[in-house]
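What follows is a set of notes on a single structure, which appears directly below.
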Amino acid sequence: MTTWPRPVPLIGDGTAASERAADPAGWALPAADRAGLYRTVEARRDVRRYRPDPVPDEVLTRVLTAAHQAPSVGHSQPWRFVVVRDAGIRDTAAVLTDRERLRQAAQLDPDAAARLLDLQLAGVREAPLGVVVCCDRRTPAAGVLGRATFPDADLWSCAAAIQNLWLAARAEGLGVGWVTLFRPEELADLLGLPDGVVTLGWLCLGWPDERPPAPGLERAAWSRRQPLSDVVLADRWPAEEAAPAPPPSRLRSPAPAAVVGARDDADRLLTPPGSLGVLDGAVARAVALGLGDLTGGVLLLATADHPVTAHHVSAYPGSTTRDVATAAVAGVALGATAARSAGLGLVVVDAGVAGSAVPGAVAARPAGARGDLVTGPAMTAADTAALLAAGRALGAEHGRAGLVALGEVGVGNTTVAAALAAALLHVEPADVAGLGSGADAAMVERKRDVVAAALARAGTGLDPQTALAELGGPELAVLAGVVLGAAEAGAVVVLDGFATAVAALVAVLLEPAAQSALVAGQRSRERGCDAVLQALGCEPLLDLRLRAGEGVGAVLAAGLLLQGLRLRRETARVGS
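Start counting at 1 in the sequence shown, then tack on 1247, and there's your number in the working numbering.
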């Protein structure tokens, strides 16, 4: 029989069935390539620590090309890669991750929560690039081959793109960290995503400042890799009594170069990494701000009265505010005494004490009418802007000392802070209105009623500055401005309790980068303090159940921070 040569197509697959039958494994890559692939898969790690060096554009293009070559259902290619270099966006993203870290820890048992907080779970501030992988789901599932039966296959396709990107990055020597410590809607808002486009989290991308031999959570004894035999099933799911155990659950209901440099400095100490626990993080934050030699600072104490006290929400008369402010100027109030004992300077700001100005205090007083929150706004918009500006100037001036501890004096201001916190956090009055100093159960009920009435009057959807005018107070406006000015001056800002934390929250919502300057001095006994600190992404140094106010907790924490910085300076170093 005559045989004819097989026509070989000029495009597409040029092999014949006979060739494929003769060598079923003939499509394999060369042995060296296969070994390299398996090495890459085995060596892939979730990286949290990064060098600040930039990633060359050609390397980034290769990595993104690998991601774009991922398989996709119906060849739909639903992925979109948002490459984030903008410092402002990264600052806001870092705030969101810090916030969610604390929220997740709050759901764990105490031991697991402490271990979680010891872990570095994100490198959003450190990595030179952020890559947010988005999935465009606006095409109806039935319109994409393969999604009519598995509508979420487009998300799986995007996950495959992430894996491609991750492996390509590992081959290039880059590190990737997949960060999902975000509320999806908040990340989508940050990036301006349209409806129907969702994110699969934030990928930190950069040159790694760690070379972990094993997965980080495995090395931290958080979990271990299960044996392959435990996850491979034959033909069908086994009977329930023989089913593999479900994965364990622990749920119970500054510039990158500076951040990395601070950590580099800590790594050279003759002590285990993280040896000072929460204090290490605060010290690293100060060092990243260039404050490694810091030895002092200032307590800025803002004082004001509040018309809301007419609703009987405080156990003390309004005259107490003036008394404490006057004693502070004289240096004999508790906060002033604490500042002097810690070697801190003192600045008292009269932000609106009833009557004439407090002698000896810096005056930053509202000029217009002030309301009781229930029947009218706390301040006019013009006064709010002026007080913020005055506070910003004070923060810039005193931020040159390197450390600004915040304190406040104002009878009735826990009610004001609760109203403002409820509006900013979109929570119920009962979640943020607590006892205050000397209050009883009946007074707490009145506070909650006042906060509810104030929120109903002010309405919803307020921007931070409008919320401050409607529901805040003069000293909170000044302190919010101080945070912004001190952060701009490169100072570290140590918060006291609930009211100062709410003021800082206003500042961070106005300018997210301010969060990098914050150190939470203490967890106060006020009911809303934890929620506000979580929103700030700040873990407090102290938990002493203080009721003092006047910045006492901030001063104690500032002393601890200064001591931690001295330990950092004077502890022995190891060689390279």
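All residues carry an ideal CB built from backbone N, CA and C; glycine is no exception.
It should be emphasised that the depicted structure is a prediction, and the values quoted were computed from it without experimental measurement.
Since residue i sits in a beta bridge, which residues does DSSP pair it with?
i, result
"residue 1602", "Answer is none; residue 1602 lacks a bridge partner."
"residue 1455", "1297"
"residue 1326", "1382"
"residue 1450", "1378 and 1425"
"residue 1282", "Residue 1282 pairs with nothing; no bridge assigned."
"residue 1738", "Per DSSP, none; premise fails for residue 1738."
"residue 1461", "Note: residue 1461 sits in no beta bridge, so no partner."
"residue 1651", "1545 and 1740"
"residue 1593", "1546"
Taking buried to mean at least 16 other C-beta atoms within 10 Å of its own C-beta, is residue i buried or exposed?
i, result
"residue 1289", "exposed"
"residue 1397", "exposed"
"residue 1409", "buried"
"residue 1579", "exposed"
"residue 1764", "buried"
"residue 1474", "exposed"
"residue 1499", "Per-residue confidence for residue 1499 stands at a pLDDT of 48, beneath the threshold of 50, marking its modelled position as unreliable; no derived number is given."
"residue 1285", "exposed"
"residue 1676", "buried"
"residue 1786", "buried"
"residue 1476", "exposed"
"residue 1322", "exposed"
"residue 1265", "exposed"
"residue 1430", "exposed"
"residue 1630", "buried"
"residue 1722", "buried"
"residue 1303", "exposed"
"residue 1527", "buried"
With H, G and I counted as helix, E and B as strand and the rest as coil, what does DSSP make of residue i?
i, result
"residue 1549", "strand"
"residue 1481", "coil"
"residue 1695", "helix"
"residue 1722", "helix"
"residue 1565", "coil"
"residue 1580", "coil"
"residue 1710", "coil"
"residue 1610", "strand"
"residue 1523", "coil"
"residue 1815", "helix"
"residue 1260", "coil"
"residue 1516", "strand"
"residue 1241", "Look at the range of the chain in this structure, 1248 to 1823, and you will see that residue 1241 is not part of it."
"residue 1715", "helix"
"residue 1310", "helix"
"residue 1291", "coil"
"residue 1820", "strand"
"residue 1499", "A caution first: residue 1499 carries a pLDDT of 48, below 50, which makes its placement in the model unreliable, though a value can still be read off. Coil."
"residue 1538", "coil"
"residue 1619", "coil"
Residue i to residue j, Cα distance in whole Å?
i, j, result
"residue 1482", "residue 1754", "58 Å"
"residue 1346", "residue 1623", "32 Å"
"residue 1423", "residue 1310", "11 Å"
"residue 1556", "residue 1659", "6 Å"
"residue 1361", "residue 1352", "8 Å"
"residue 1798", "residue 1471", "45 Å"
"residue 1437", "residue 1717", "25 Å"
"residue 1741", "residue 1800", "9 Å"
"residue 1733", "residue 1767", "15 Å"
"residue 1911", "residue 1447", "Only positions 1248 to 1823 of the chain appear in the structure, and residue 1911 is not among them; the question remains open."
"residue 1655", "residue 1586", "13 Å"
"residue 1539", "residue 1457", "23 Å"
"residue 1341", "residue 1738", "19 Å"
"residue 1325", "residue 1273", "32 Å"
"residue 1406", "residue 1693", "51 Å"
"residue 1678", "residue 1357", "21 Å"
"residue 1415", "residue 1452", "12 Å"
"residue 1428", "residue 1348", "6 Å"
"residue 1301", "residue 1307", "10 Å"
"residue 1384", "residue 1615", "51 Å"
"residue 1668", "residue 1709", "12 Å"
"residue 1824", "residue 1366", "Absent from the model: residue 1824. The displayed extent of the chain is 1248 to 1823, so no value can be given."
"residue 1389", "residue 1445", "19 Å"
"residue 1364", "residue 1593", "33 Å"
"residue 1560", "residue 1790", "25 Å"
"residue 1604", "residue 1670", "31 Å"
"residue 1699", "residue 1749", "18 Å"
Below 7 Å, is the gap between the Cβ of residue i and the nearest heavy atom of the ligand GDP?
i, result
"residue 1269", "In terms of ligand content, the structure shown is empty, and the ligand GDP therefore cannot be addressed."
Legend entry - In chain order, each alpha helix (DSSP H) run of at least 4 residues that lies wholly inside the segment 1395–1429: Qualifying alpha helix (DSSP H) stretches, in chain order: 1400–1419.
Inset, instruction - For the segment 1746–1795, list the beta strand (DSSP E) runs that are entirely contained and at least 3 residues long, ordered along the chain. - result: Complete beta strand (DSSP E) runs here, min 3: 1765–1767.
Inset, instruction - Could you name each continuous beta strand (DSSP E) segment of 3 residues or more that falls completely within the segment 1345–1371, going from the start of the chain to the end? - result: Complete beta strand (DSSP E) runs here, min 3: none at all.
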